[in-house]
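The structure appears below as structure tokens.
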Amino acid sequence: MAFTIAIDGPAAAGKGTISKAVAGHFGFAHLDTGLLYRAVGAKTLDGTDAIAAAQALTARDLEAENLRTPEVAQAASRVAVIGEVRAALVDFQRAFARRAGGAVLDGRDIGTVICPNAEAKLFVTASAEVRAERRYRELVGKGVSTSFETVLADVKERDARDRDRAEAPMVAAKDAVVIDTSALGIEEAVSTAIAAIETAR
Ligand code: C5P
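Okay, structure coming up:
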């Protein structure tokens with residue numbers, strides 16, 4: 001039977017880690033929907049029109065190597081304000097959500113727009129400083145040379161663009177369980193998420 005878990009929240013709040021762990025725990029498939037916007041954003045950096053890129057997107061584009069860079073993240077949040085881009089990506093996400101065997105989708109608008117009837121909804125958040133610190137360490141670990149201030153400014157800029165846009169702004173669904181991971185370790189955050197979903201099952 002299809003069972004959809006929607007996990008939304010801002011960048012580097014722990015959504016990705018929690019989503020993977022939750023999917024593993026329940027044996028569900030996982031879709032990181034940020035990758036769709038990143039793949040479209042990456043194409044615009046090559047000069048392709050955003051709407052055309054979204055309409056022509058294939059699953060293979062999600063495997064491109066460069067999708068995790070800060071430049072692509074910014075490009076993703078710029079294309080994500082365009083209604084036609086979002087519209088072109090809806091069917092793929094909804095089909096994934098209703099697959100037999102269960103699905104976890106993480107993003108910004110899963111519980112509000114893509115899957116308003118999801119069986120379980122979480123909104124995972126943390127302070128901008130904590131999120132920037134995590135992202136900074138991750139980038140430095142990958143050998144990227146940057147500063148904490150740059151990463152913090154980047155996180156805040158993307159938050160504001162995602163929160164203030166007219167189309168599908170980032171907001172917790174009314175029926176989402178909010179988990180603030182600022183003071184939680186990974187294991188605690190994951191077990192809090194699993195416990196919240198168990199009560200919805
Ligand atoms: O989650 P991630 O940081 O990979 O997302 C990159 C960008 O894609 C976000 O900043 C946001 O602008 C956009 N996005 C979105 N809706 C989603 C997922 C991502 O608008 N469901």
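Per the UniProt record's numbering, the sequence shown starts with residue 1, numbered consecutively. For glycine and all other residues, C-beta sits at the position ideal for the given N, C-alpha and C.
Nearest neighbour of D154 by Cα position, chosen from A64, A75, A59, T48, turns out to be A75. Residue pairing by DSSP places K121 opposite A6 in a beta bridge. Taken through DSSP and simplified to helix, strand or coil, V81 comes out as coil. Taking a C-beta distance under 8 angstroms as the contact criterion, R94 and E167 do not qualify as a contact pair.
Residue environment analysis places L45 among the exposed positions, since fewer than 16 neighbouring C-beta atoms fall within 10 angstroms of its C-beta. Taking the C-beta atoms as reference points, A103 is found nearer than 8 angstroms to F96.
Counting along the chain, I179 sits inside the beta strand (DSSP E) bounded by residues 177–180.
The three-state secondary structure of G47, taken from DSSP, is coil.
By the CB criterion at 8 angstroms, A6 and A126 fall outside the cutoff. The Cβ atoms of A42 and V72 lie closer than 8 angstroms to each other. DSSP places V104 in the strand class (E or B) of the three-state scheme.
G101 places its beta carbon 8 angstroms or farther from that of D8.
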